[in-house]
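Read through the structure below, which is laid out as structure tokens, and then see the notes.
2 protein chains.
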Amino acid sequence: MLIGKPLATKDLPHQAVSRAVGLAVFASDALSSTAYATEEILVILAFAGSAYFGISISIAFAIAVLLFLLTISYRQTILAYPNGGGAYVVARDNLGEIPAQIAAAALLIDYVLTVSVSISSGVAQVTSAVPALRDFRVELALLVIILMTIANLRGVRESGRLFAVPTYFFIFMSFTLLIVSLIEASLGRLKPVTGVEVIHHDVVEPLTWFIVLRAFSSGCTALTGIEAISNGITAFREPRSRNAAATLMVMSAILITIFVGFTLLANAVQAMPSHHETVVSQMARAVYGQNIMYYGTLVSTVLILLLAANTGFADFPRLAALVAADGFLPRQLTIRGARLVFSVGIVTLGMLAGVLVVFLQANVTLLIPLYAVGVFLSFTLSQAGMVVRFWRAGRLKPGEKITNEVTTLEHLPHWRASMVISAVGATATFIVMTIFAVTKFTSGAWLVVLLIPTMVFVFSRIHRHYTDIAHRLSAAGLRLKRGERHVVSALVLVDDIHIGALRMIDYAKSLGVKWRAIHVAINPAKVERIRQKWQERVGEGELTILESPYRQLIEPIRDEVLRELEANPEGYVNVILGHLAMDTLWEQILHQNNAYIFSLALQNLDRVVVTTVPYQCHHDDGNGNGHDKKNGTPLPPEVEVQAEDTAA
Amino acid sequence: MLIGKPLATKDLPHQAVSRAVGLAVFASDALSSTAYATEEILVILAFAGSAYFGISISIAFAIAVLLFLLTISYRQTILAYPNGGGAYVVARDNLGEIPAQIAAAALLIDYVLTVSVSISSGVAQVTSAVPALRDFRVELALLVIILMTIANLRGVRESGRLFAVPTYFFIFMSFTLLIVSLIEASLGRLKPVTGVEVIHHDVVEPLTWFIVLRAFSSGCTALTGIEAISNGITAFREPRSRNAAATLMVMSAILITIFVGFTLLANAVQAMPSHHETVVSQMARAVYGQNIMYYGTLVSTVLILLLAANTGFADFPRLAALVAADGFLPRQLTIRGARLVFSVGIVTLGMLAGVLVVFLQANVTLLIPLYAVGVFLSFTLSQAGMVVRFWRAGRLKPGEKITNEVTTLEHLPHWRASMVISAVGATATFIVMTIFAVTKFTSGAWLVVLLIPTMVFVFSRIHRHYTDIAHRLSAAGLRLKRGERHVVSALVLVDDIHIGALRMIDYAKSLGVKWRAIHVAINPAKVERIRQKWQERVGEGELTILESPYRQLIEPIRDEVLRELEANPEGYVNVILGHLAMDTLWEQILHQNNAYIFSLALQNLDRVVVTTVPYQCHHDDGNGNGHDKKNGTPLPPEVEVQAEDTAA
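Printed below as a string of structure tokens:
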């Protein structure tokens, strides 16, 4: 009910979107990072003292240059991979399996962090406006993750219309804030923000290059999400690549305007990093005061952050399914559930993001060091892949084409220039990644640095397992002999000779194979009564009593099965178990449900086949008829009731 | 390894103990309650102010009178039930099923509280001596519960020798403390204890009868455990009843001496209830100072408290097994594990006690209101049962005897006197129970007052379920027709035509019944390949393709099974599933393990029998042989490897 009614496979959406809608759908991840990027720069500069906050402006411009490089480089990727050019696909296509696995690991970590960081930042915006909620930050963040997981299990249709609202609302509110502050500043009315509880660093360190680089790498989180369009090219109207590329340029321009603008404004109003109020809230409060425009700005920020988190819920399961289809992650990740979504991936993401939020207390500053290493690693691999691609394209003769399942490679006249652009991008992002990993190593990046190779190792082990099993199971060239039969001998496991047991014996007889019953003498006093009942009620076949001085059930049965296997070296041993099926779980757990335990205990024996014969113990249907007669049992229905005859 | 090697049924111990050892084994529960009873009286009196602490002496003497009444009443029970006269047995024998169930519920609650209270008090003694551990009270208590659960799963042999040490050590240390303090007092050297952080009640209430009665009921926890001997009569040497009765008298005398002595001493040294130091610790510190005698006293107290908690681990599972054998609790509780102990009961007790300790923060004062209602209810029922018994004995003619499975009822010359003794005991304990329930209602007794009827209701529902199922399953008067067979038709569920599937088909053919294969077309692209492989590799039989537009697996299979049931109205439908058995759990979870899910989905269909055919995917044995050939498969071993042929 929570998840909704199932959808048919043919309902998979294939709607193409315009540039304007495409911008709304794919820009949220990138734009939302402006909500915390400036603040995280200030958090680091605060180690050296607030006197150095002005450096954040230079850092913002450096990041703008980096974004420019990345944008023209990614534009090339979009044009080359009209069917979608995510880092995993590009790395797999050009660099091979290991780099592709590295990109996959980096991106999967990243998507988890997109969810955790965006939701944590969103909650921080909310608690800036409503301080009473501050103590429930973690609970709020978890609640949002749970709701988002459920919504995505239902399947959030990436309906452009709906998504356009928060993105354009955020763009509008951000530009309004910047323009109003510009007017106020020109009128000399822009005042520093007051009443902020600044975070307090015990010792003020000298300003070093290390701190500046650390602040720079914190600011680079503003660039997370710019790859979104390259993953989603297929969603655009034709000409897809052109439209996607144009959208990328527009998105980058908006992103850099807001980011640089916010950084300038933060400096103008002397915003301070604080545990109680976000920098966005401080800026809006300084410009507007605490009125409707202030709340509007915060609401727009929260909405775009939620939208960004939601893109994680689209991207993680999709990439996990891609990697799983290649055999590097468990197959279950490739299954589209009844609602057409990759349910396992969604639940996995929700749980991982939830764990992160709990452990790092929904604190953006604690989460940031885990972020961006993965992003920049995937940027580097993607662009390095493009370098190789352009090199290969340069080797081709004019008119020559190589087509594989993801793309077509053809001769490019300007392949050298393109290769240089990608190489510059790859180098720049590689340098940023290194700066990030080094300067943030002790504050958390070490975890990601360890995690990525570990994940790649696990991927390779999973792949080896699947390849191995596929080889083992391959039946190529095999053919069953027509009409050939092997001996089947059945062992019917009886506890007491009640109706359920008679049903099992009736089934064994109906099979027409050699059979005998076995009973484990846990309670030696019961054995004679069972023999007697066997004579009275079955009167044919053999009943073997297995001794069990240690009151064990499984071991004597296993031993007997092994003996039967030896006696029947070419055939099958069919162990027949009874199961009393109850109406409710509560009734079911009052019974021992040994069938499950025995199945598990016997499943590692070759040629041992386990059959469960249910006996239905349901409530009367109200017509005075026993439940068990409804489906027409093969047993006579006249059952005399004797209380002595307990079972189960 | 943790639990130890299995033991044979005949190893059930039948060692009889002397009075001295019997005292050690059965007195720990009762004697240990002196470690907190006095303190709990003071905690309540503190509401009216420490000026009224002197009232505790009158309360202690009132409790001594109550103990005297209970002792002579229980002596009669011991003599009447030489095979063990616990409240459940006595109530069942004389009052009927419902009172017996009430007694069982009360006692089960009680045993859980014995464990929680004793361990919490033990931890409080430890933290009195080692204040650094105070913050880890809950963790310490949980650790003890876990260790005790494991020890009891291994089976703590109730070896009298070992148990004698802590009991006699505690008796010795307690008497020494009392004697030394008496000497010190007579020399005028007994000084009030100093440096105690007293618990602080915000408002001092006037001293009311309500407070006095509440303090009295707290003190009555000193009497918990005196019923232990009546449960354990069979452990004594012959003449069992006489020996047990004599031991009871000695135990009561020791108990009352220590309890009254401790209360007098607490007043003499002006001990105060405190969150930081137990009254026992304060008394020992006042008398000895902080030397070896002080630590010895605390160690002896901790040891007897642990021993008392351990009796809960013996009593709860034993009573639960008794009640389960009568069909009022799940049957699983009657199973003696490989180590001859009632494992399910032990684990249940450990978990319940752990939950209590966590929720009530290992705080004795918070736990006490839940305690003792159950104890005194069971005292009342037990003695009321004895009243009925003596009444019945009075109806008998001299020499007449009625023997049932638990006891022999015969004419008693002094039946009237005995009946009066039991009636007085029953009335007294009933009054105390009422006082307890009323005065402690708001501080926790309400939970027990609600819990007992709830448990009795659940017991009766469980009993009805088992009786009902026994009736339904009774096969009395039934007889299978010799040689009769019903039609079995098999449906082989195949995902791909790999070796595992060939194995399933080979098994189906070997059965010799009508069979066909079914494949659910989750992936429509795969269907044609499967049909082709079927022709190549099987070449006989029928392959039915089931459509599944919603990618569901279970529903199409269930529908097909229902159709087959209709086509075969008198016989069985055998659904044959494959299972890839891996070496490790990690490998297993990389596969979908659908067999479990399908078994669950089909188990509520009558006449539908589910068979699991395993295919062993184990690692090579090192001789270059495939795993699957080790046990000799019915399939040809020449398998060509084709990577395309993936499965699972």
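Residue numbers (the working numbering), protein chains in the order written: chain B, 69 to 716; chain D, 69 to 716.
Note that the Cβ used here is the ideal one computed from N, Cα and C, for glycine as well.
The model shown is predicted, which means the values in this text are computed figures rather than measured ones.
Residue 411 of chain B and residue 378 of chain B have their C-alpha atoms spaced approximately 15 Å apart. At least one C-beta of chain D is nearer than 9 Å to the C-beta of residue 608 of chain B. One finds 565, 566, 567, 569, 570, 601, 605, 707, 713 in chain D with Cβ atoms closer than 8 Å to the Cβ of residue 543 of chain B, taken in chain order.
The beta carbon of residue 340 of chain B is closer than 6 Å to those of 264, 266 in its chain, skipping five residues each way along the sequence. In the three-state reduction of the DSSP assignment, residue 115 of chain B falls in the coil class. For residue 304 of chain B, the pairing in a beta bridge is given by DSSP as B:85. When DSSP states are grouped into helix, strand and coil, residue 276 of chain D belongs to the coil group. Identification of residues in the segment 500 to 533 of chain D having a C-beta nearer than 7 Å to some C-beta of chain B yields 530, 533, given in sequence order. Around residue 552 of chain D, the beta-carbon contacts reaching into chain B at under 9 Å are 574, 577, 578, 702. DSSP places residue 589 of chain D within a strand segment (E or B) once states are collapsed to three.
When the Cα atoms are used, residue 523 of chain B and residue 305 of chain B turn out to be separated by approximately 36 Å. Contacts with chain B at 9 Å (Cβ-Cβ) include residue 404 of chain D. Relative to the Cα of residue 554 of chain D, the nearest Cα in the group B:593, B:576, B:282 belongs to B:576.
Counted as a single uninterrupted DSSP element, the beta strand (DSSP E) harbouring residue 648 of chain D occupies residues 640 to 650. The C-beta of residue 288 of chain D comes no closer than 9 Å to any C-beta of chain B. Contact with chain B is absent for residue 172 of chain D, since none of that chain's Cβ atoms lies less than 9 Å from the residue's Cβ. Excluding its 5 nearest sequence neighbours in each direction, residue 194 of chain D has C-beta neighbours in its own chain below 8 Å: 201, 208, 366, 370, listed in chain order. Of the residues D:485, D:665, D:649, D:441, the one whose Cα lies closest to the Cα of residue 676 of chain B is D:649. Using a Cβ-Cβ cut-off of 9 Å, residue 411 of chain D does not count as an interface residue toward chain B, since no Cβ of chain B sits closer than that to its own. Interface annotation, residue 99 of chain D: not in contact with chain B, CB-CB separation never under 9 Å.
Beta-bridge partners of residue 615 of chain B (DSSP): B:589. Think of a sphere of 8 Å around the beta carbon of residue 398 of chain B: the chain D residues whose beta carbon falls inside it are 657, 658, in chain order. Annotation for residue 531 of chain D: 395, 396 place their beta carbon closer than 6 Å to its own, counting only its chain and skipping 5 residues before and after.
Three or more Cβ pairs closer than 8 Å define a contact, and the segment 154 to 165 of chain D meets that threshold against the segment 439 to 452 of chain D.
Checking the DSSP bridge columns, you'll see residue 683 of chain B partnered with B:648.
Residue 680 of chain D has a beta carbon lying within less than 9 Å of a beta carbon in chain B. Proximity to residue 387 of chain B across B:568, B:347, B:173, B:672 peaks at B:173, based on C-alpha coordinates. Setting aside the 5 residues that flank it on each side, residue 413 of chain B is surrounded in the same chain by 384, 385, 388, 389, 401, each with a C-beta closer than 7 Å to its C-beta; the list follows chain order. Using beta-carbon distances, residue 684 of chain D counts as an interface residue toward chain B, with a partner under 9 Å.
Here residue 376 of chain B has 96, 97, 100, 186 as same chain residues with Cβ atoms under 6 Å from its own Cβ, once five neighbours each way along the sequence are excluded.
The straight-line gap separating the alpha-carbon atoms of residue 492 of chain B and residue 475 of chain B is approximately 23 Å. The beta-carbon separation of residue 279 of chain B and residue 537 of chain B, rounded to 52 Å, does not stay under the 8 Å limit for a contact. In the structure shown, residue 558 of chain D adopts extended strand secondary structure according to DSSP, grouped into three states. Distance from the CA of residue 232 of chain D to the CA of residue 93 of chain D, rounded to the nearest whole angstrom, comes to 7 Å. Contact of residue 635 of chain B with chain D is not assigned, every C-beta pair being separated by 9 Å or more. Closest by C-alpha distance to residue 123 of chain D, out of D:276, D:214, D:135, is D:276.
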